[in-house]
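Residue numbers (my numbering): 640 to 809.
What follows is a single structure, written as structure tokens, with notes after it.
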């Protein structure tokens, strides 16, 4: 599935480099399995292990420049994350964030951005849940985009905001 040296996006952990494949007995029952040893690029002291057999993977290869440019060009078609009941808001945001799917991350950003515009117009502040998940979604998306496009996170943010502004103006 992955090669040594691949960069992958591990949901909740960020971008990691696949360092090697190792045989481990994590269950302590003599059932050795093959795992990827991965190291997050933002903290090389952390070691993550992921079974090679693909069970419960929330890991995918990092998107490349062309994939991100295509994603950005289609921002207007990406649906906002839908929340019917406010009590479900945090759980829905969390599920979308934990998916690691860039479309869902943009869906969170669009939903909260739109909600913020509406709340501002009503003279209301953004909620703490919205603020927290907006920052988490932004950080996850912009980190990967910055890595793929070889630009800063701030430049990644500006790219997305420019596309969002075009979406909400039209």
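Just so you know, even glycine gets a beta-carbon here, dropped at the ideal spot from N, CA and C.
Quick check: what's the CA-CA separation for residue 772 versus residue 660? The residue you call residue 772 lines up with position 133 of the chain shown. The residue you call residue 660 lines up with position 21 of the chain shown. Rounded to whole angstroms, residue 772 to residue 660 spans 33 angstroms at the Cα level.
Just confirm the distance between the C-beta atoms of residue 788 and residue 707, as a whole number of angstroms; I'd bet it's less than 8 angstroms. Your numbering for residue 788 matches position 149 in the chain shown. Your numbering for residue 707 matches position 68 in the chain shown. Going by Cβ atoms, the distance from residue 788 to residue 707 rounds to 6 angstroms, so yes, they are a contact pair.
Could you check where the alpha helix (DSSP H) with residue 678 kicks off and where it finishes? In the chain shown, residue 678 corresponds to position 39, counting from 1. Not the alpha helix (DSSP H): residue 678 falls in the beta strand (DSSP E), residues 672-679.
For residue 678 versus residue 709, is the C-beta spacing smaller than 7 angstroms? For the purposes of this step, residue 678 is taken as the residue at position 39 of the chain shown. For the purposes of this step, residue 709 is taken as the residue at position 70 of the chain shown. No, the pair does not count as a contact, with Cβ atoms beyond the cut-off.
With a threshold of 16 other CB atoms inside 10 Å of the CB of residue 779, please say whether the residue is buried or exposed. In the chain shown, counting from the first residue as 1, residue 779 sits at position 140. It is buried - the Cβ of residue 779 has at least 16 other Cβ atoms within 10 Å.
Compute the distance between the beta-carbons of residue 776 and residue 798, then report whether it is under 7 angstroms. As a working note, residue 776 is residue 137 in the chain shown. As a working note, residue 798 is residue 159 in the chain shown. No, they are not a contact pair.
Once you ignore the five residues that flank residue 680 on each side, which residues in its own chain have a CB closer than 8 angstroms to its CB? For the purposes of this step, residue 680 is taken as residue 41 along the chain shown, with counting starting at 1. Hits under 8 angstroms: 646, 653, 654, 655, 656 and 786.
Helix, strand or coil for residue 666 per DSSP? The sequence position of residue 666 within the chain shown is 27, counting from 1. Coil, per DSSP.
Hey, is the region 752-763 in contact with the region 664-675, meaning 3+ C-beta pairs nearer than 8 angstroms? no
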